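Trainee:
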C-alpha cells in the first residue's frame, strides 16, 4: 500500500487551483461568459446525451451525489460552529488553553471532540477557525482528528453494528482507545510546528477579502458561513470525485482475497478505508460486513477512515501547509498499524 | 457603496447549492442518495444554505469592493459543476452494475432479531438470515410461508431460465456505504422479468442452507420505489 502517492497527487491538483500567481489577476467579462457557457453546455449534454445509460457513469454520479449531499450539510454545520467561534467568542479565549502544558492540552482537546457530534467533514473548518483564533496547533489538530471518532453518535453506531458479535468489546473499546491515541500522537507531532506554519499560505478564500468590524455581527456570521463553505467545498468536490471514481472502478469484493493474511489484511483494510471515504457515522456497518476479516483488520478500517481518507486528504491539502498531510498520514498510519498488530497478536 | 462582485459570486454559488438541496427535498429524491436515518441532512442543508446565500447577497454592497479574480471564478465553477450535474441528470439508483462490487450485507443494523420470527418478512430480514445462524434459524421456522417482496432483477450468465436474483441494496447513511442482499427466485413465468427492472415477487419462501429461495407464484413489474434502498 502506498499511502503517500495519492494524497500527493491530490495536493498537486489542488495546488494548481489555489497557488497565488496568474490566478490572482482579475477575471474579465469574457471569462465569466466562458464559464457560464461551459456550465450550460454541461447541463445540456447531461440532460440530453443520456450518459446515465452507461452503467459505470450512472454508478459514479450516484455515489458522487450521495457522498456530497451527505457531506455538505456536515461542512455547513461545521461552518456554523466556526462562524460562531469567529464572531461571538472573544479574542484570546483559546490562547489561554494554549498556555496549558502539552500533557494536559492534547488529551483535553481529544476529549473536547466527544462533545462535537458530527463527522470528519465538519471538524476541519472548526479546527481551521480554532487555529486562526489562537489555539495551539497540536490541540486544534487533536480536536479535529478526535471529534469524528470519539463523538457519541459514532460510538453508538459502532455499538449497534457490532452488537452481539464475539469481537464486540475489542472493536468498540479498540476504536475509542486507538482513535484517542492516534489523535493525541498526531497532535503532538504537529504541535512541534509554529502556528503560522500550519495553515496553508496563499490560500485564496473567495470571502476572505472582507468582514469589516463595522458590519453587523449577523452579517459577519453569514459571511463566515459562506466563506468556510466556499473554501472547503472546492476541496471536498475534488476529494469526493476521486472517491466515487475509485468506488466505481474497484470491486470491494476483491479485498476479501487477502482476509487471511495477517499484516496484509490490516494494510488492505486501511487502504480500503482511505479510498472509500465513508462517513464516520456509517463506516462501522460497512466494516461489520467484512466478516472474512478479523477484528484487527476491521479495527484498522474503523480508525483509519475518520482520520485519513481521500476527501479528507483534499480538505487537508487545501487547508493546511505543505507537509501537513504527509505528517498526518505517516503518523496516523504507523500508530494504527502498530496498534492493530497488537490487537491481532492478542485477540487474533 | 458599490456592488461587491466577489461577494455576489459567492452568493450565486450558495444560491445554486441551496437550490439543489431544495430541489432534492421537494422532488422527493432524498431516498435516491440518503437513508431514512440521514434524510434530515437535506432540509438542514437547504435551510443553512438558504440563510447563508441570503446573508451573502444582502451584504453585496461595500465601500471598496475588490474585483473577481480568475482563481475565484475557477473555484466557483468547480463548486457549481456538481450542482449542474445533479440537477441535470435524471433520477436513478444503483443497479446490476454495482452488484458483486459491493460487500454482501453483514451483521448489524437496528432491526431486532425477534422481527424475523413474527410479522411481515422483508429483504432486510432475508439479509440478516443470510448473515447470522441465529436469524437463519428464526427464518427456517417460517419456511413455506407466502411473502411479497420488491426488488430489481439480476441475472447471472448460465443461469437456468425461469430463475433470477431479486436484489436490493441496504444503506446505513448514504449510497456510498451500500451493501447488497439477494434472494433467488425460481419458477418465474417466462418473460416476466427483465434484468435491472423493478418487480414485485409473490411466492413461498424456503431457506435452504445459507441460501434463501422464493418459489414464485407471481412476478409483476412495478415502478422504482421512492426509497429504492433499504435502511439496515
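Residue numbers (the numbering used here), protein chains in the order written: chain W, 7 to 354; chain L, 1365 to 1596. C-beta: ideal position from N, C-alpha, C; glycine also. Since the model is a prediction, treat every value here as computed from it, not as a measurement.
1. With a threshold of 7 Å between beta carbons, is residue 248 of chain W in contact with chain L?
2. Measure the alpha-carbon distance for residue 1426 of chain L versus residue 224 of chain W and round it to whole angstroms.
3. Determine the burial state of residue 99 of chain W: buried for a count of at least 16 other Cβ atoms within 10 Å of its Cβ, exposed for fewer.
4. Return the bridge partner residues of residue 1569 of chain L from the DSSP annotation.
5. Quick check: residue 1523 of chain L and residue 1463 of chain L, are their CB atoms within less than 7 Å of each other?
6. Thinking just about the alpha-carbon of each residue, which of L/1571, L/1388, L/1514 is nearest to the one in residue 1586 of chain L?
7. If we define contact as Cβ-Cβ less than 7 Å, is residue 1392 of chain L a contact residue for chain W?
8. Put residue 1513 of chain L into one of helix, strand or coil per three-state DSSP.
9. Should residue 175 of chain W go down as buried or exposed, given a rule of 16 or more other Cβ atoms within 10 Å for buried?
10. Starting from residue 1531 of chain L, trace the beta strand (DSSP E) both ways and give me its first and last residue.
11. Answer yes if the segment 231-249 of chain W comes into contact with the segment 328-336 of chain W, meaning at least three C-beta pairs across the two stretches below 8 Å, and no otherwise.
12. With a cut-off of 8 Å on the beta carbons, I'd call residue 1578 of chain L and residue 1530 of chain L a contact; round off their distance for me.
13. Short check: CB of residue 1557 of chain L to CB of residue 1583 of chain L, under 7 Å?
14. List the residues that DSSP assigns as beta-bridge partners of residue 1425 of chain L.
15. Is residue 1569 of chain L near residue 1469 of chain L, with beta carbons less than 7 Å apart?
16. Go to residue 176 of chain W, then tell me how far its alpha helix (DSSP H) extends in each direction, as first and last residue.
17. In chain order, what are the residue ranges of uninterrupted alpha helix (DSSP H) at least 4 long that sit wholly in the segment 1376-1458 of chain L?
18. Which word fits residue 150 of chain W, buried or exposed, when buried means at least 16 other C-beta atoms lie within 10 angstroms of its C-beta?
19. Which residues of chain L have a Cβ atom closer than 7 Å to the Cβ of residue 71 of chain W, listed in chain order?
20. DSSP on residue 1538 of chain L, reduced to helix/strand/coil?
21. When DSSP labels each residue in this structure, what does residue 1518 of chain L get in the three-state scheme?
22. Here's the rule: buried if 16 or more other CB atoms are within 10 angstroms of the residue's CB, otherwise exposed. What is residue 1375 of chain L?
23. Tell me whether the beta-carbon of residue 1445 of chain L lies closer than 7 Å to the beta-carbon of residue 1380 of chain L.
24. Helix, strand or coil: how does DSSP classify residue 1593 of chain L here?
25. Quick test of your reading: residue 79 of chain W and residue 1405 of chain L, contact by CB under 8 Å. State the CB separation rounded to the nearest angstrom.
26. Quick check: what's the CA-CA separation for residue 59 of chain W versus residue 1414 of chain L?
27. Starting from the C-beta of residue 168 of chain W, find all residues in its chain whose C-beta is less than 8 Å away, skip the five residues before and the five after it, and write them out in chain order.
28. What does residue 1545 of chain L pair with, by DSSP beta-bridge criteria?
29. How is residue 246 of chain W classed by DSSP in three states: helix, strand or coil?
30. Against chain W, which members of the segment 1422-1435 of chain L pass a CB distance test of less than 9 Å?
31. Check whether the Cβ atoms of residue 1518 of chain L and residue 1460 of chain L lie closer than 7 Å to each other.
32. Based on the DSSP output, what are the partners of residue 1564 of chain L in its beta bridges?
33. Considering only the alpha carbon of each residue, which of W/83, W/74, W/68, W/94 lies closest to residue 1453 of chain L?
34. With respect to the alpha helix (DSSP H) encompassing residue 313 of chain W, which residues constitute its N-terminal and C-terminal limits?
35. Between residue 292 of chain W and residue 256 of chain W, which are expected to be in contact by the criterion C-beta below 8 Å, what is the C-beta distance as a whole number of angstroms?
36. Check residue 123 of chain W in the structure and name its three-state DSSP category.
Mentor: The answer reads as follows:
1. As a first step, residue 248 of chain W must be located in the first chain, where it is residue number 242. Cβ-Cβ to chain L under 7 Å: no for residue 248 of chain W.
2. Here residue 1426 of chain L refers to the residue found at position 62 when the second chain is read from its first residue. Here residue 224 of chain W refers to the residue found at position 218 when the first chain is read from its first residue. Take the alpha-carbon of residue 1426 of chain L and the one of residue 224 of chain W: they are about 16 Å apart.
3. Translated into the one-based positions of the first chain, residue 99 of chain W becomes position 93. Burial call: exposed.
4. Start at 1 with the first residue of the second chain, and residue 1569 of chain L comes out as number 205. DSSP output for residue 1569 of chain L lists L/1578 as bridge partner(s).
5. Locating residue 1523 of chain L in the second chain gives position 159, counting from the first residue. Locating residue 1463 of chain L in the second chain gives position 99, counting from the first residue. Going by beta carbons, residue 1523 of chain L and residue 1463 of chain L fall outside the 7 Å limit.
6. Counting from one through the second chain, the residue named residue 1586 of chain L turns up at place 222. When each option's Cα is compared against that of residue 1586 of chain L, the closest is L/1514.
7. To locate residue 1392 of chain L, count along the second chain from 1; it is residue 28. By this cut-off, residue 1392 of chain L is not an interface position.
8. Counted from its first residue, the second chain places residue 1513 of chain L at position 149. Three-state DSSP puts residue 1513 of chain L in a strand.
9. Indexing the first chain from 1 puts residue 175 of chain W at position 169. Exposed is the call here.
10. Looking up residue 1531 of chain L in the second chain gives position 167. 1528-1535 is the extent of the beta strand (DSSP E) around residue 1531 of chain L.
11. By the Cβ test, the segment 328-336 of chain W is not in contact with the segment 231-249 of chain W, since fewer than three Cβ pairs between them sit closer than 8 Å.
12. The sequence position of residue 1578 of chain L within the second chain is 214, counting from 1. The sequence position of residue 1530 of chain L within the second chain is 166, counting from 1. That pair is a contact at about 7 Å.
13. Position 193 of the second chain, counting from 1, holds the residue named residue 1557 of chain L. Position 219 of the second chain, counting from 1, holds the residue named residue 1583 of chain L. Yes, they are a contact pair.
14. Taking the second chain and counting its residues from 1, the one referred to as residue 1425 of chain L is at position 61. Beta-bridge annotation (DSSP): residue 1425 of chain L is paired with L/1367.
15. Mapped onto the second chain, residue 1569 of chain L falls at position 205. Mapped onto the second chain, residue 1469 of chain L falls at position 105. No, Cβ-Cβ distance for residue 1569 of chain L and residue 1469 of chain L is not below 7 Å.
16. By 1-based counting over the first chain, the position of residue 176 of chain W is 170. Per DSSP, the unbroken alpha helix (DSSP H) holding residue 176 of chain W starts and ends at 174-197.
17. Listed in chain order, the complete alpha helix (DSSP H) runs (minimum 4 residues) inside the segment 1376-1458 of chain L are 1405-1422, 1434-1452.
18. Within the first chain, the letter at position 144 stands for residue 150 of chain W. Label assigned to residue 150 of chain W: buried.
19. In the first chain, residue 71 of chain W corresponds to position 65, counting from 1. Within chain L, the residues near residue 71 of chain W are 1397, 1450.
20. As a working note, residue 1538 of chain L is residue 174 in the second chain. Three-state DSSP puts residue 1538 of chain L in a strand.
21. Your numbering for residue 1518 of chain L matches position 154 in the second chain. Of the three classes helix, strand and coil, the one that applies to residue 1518 of chain L here is strand, per DSSP.
22. As a first step, residue 1375 of chain L is located in the second chain; it is residue number 11 there, counting from the start. With 16 or more other Cβ atoms within 10 Å, it is buried.
23. Indexing the second chain from 1 puts residue 1445 of chain L at position 81. Indexing the second chain from 1 puts residue 1380 of chain L at position 16. Not a contact, by the Cβ cut-off of 7 Å.
24. Here residue 1593 of chain L refers to the residue found at position 229 of the second chain. Coil.
25. In the first chain, the residue the question calls residue 79 of chain W occupies position 73. In the second chain, the residue the question calls residue 1405 of chain L occupies position 41. Rounded, the Cβ-Cβ distance is 4 Å, consistent with contact.
26. Translated into positions along the first chain, residue 59 of chain W becomes position 53. Translated into positions along the second chain, residue 1414 of chain L becomes position 50. Looking at the two C-alpha atoms, the distance is approximately 33 Å.
27. One-based indexing of the first chain puts residue 168 of chain W at position 162. Hits under 8 Å: 174, 177, 178, 290, 294.
28. Translated into positions along the second chain, residue 1545 of chain L becomes position 181. Answer by DSSP bridge pairing, in chain order: L/1532.
29. If you number the first chain from 1, residue 246 of chain W lands on position 240. Helix, per DSSP.
30. Against chain W - using a Cβ distance shorter than 9 Å - the residues of the segment 1422-1435 of chain L are 1422, 1423, 1426, 1427, 1428, 1429, 1430, 1431, 1432, 1433, 1434, 1435.
31. Position 154 of the second chain, counted from the start, is the residue given in the question as residue 1518 of chain L. Position 96 of the second chain, counted from the start, is the residue given in the question as residue 1460 of chain L. Contact flag set, yes.
32. Locating residue 1564 of chain L in the second chain gives position 200, counting from the first residue. For residue 1564 of chain L, the pairing in a beta bridge is given by DSSP as L/1514, L/1584.
33. Position 89 of the second chain, counted from the first residue, corresponds to residue 1453 of chain L. Among W/83, W/74, W/68, W/94, the Cα nearest to that of residue 1453 of chain L belongs to W/68.
34. Locating residue 313 of chain W in the first chain gives position 307, where the first residue counts as 1. It is not in any alpha helix (DSSP H) - residue 313 of chain W carries neither H nor E in the DSSP assignment.
35. Numbered from its first residue, the first chain carries residue 292 of chain W at position 286. Numbered from its first residue, the first chain carries residue 256 of chain W at position 250. Contact flag wrong, Cβ pair sits at about 14 Å.
36. The residue given as residue 123 of chain W occupies position 117 in the first chain. Coil.
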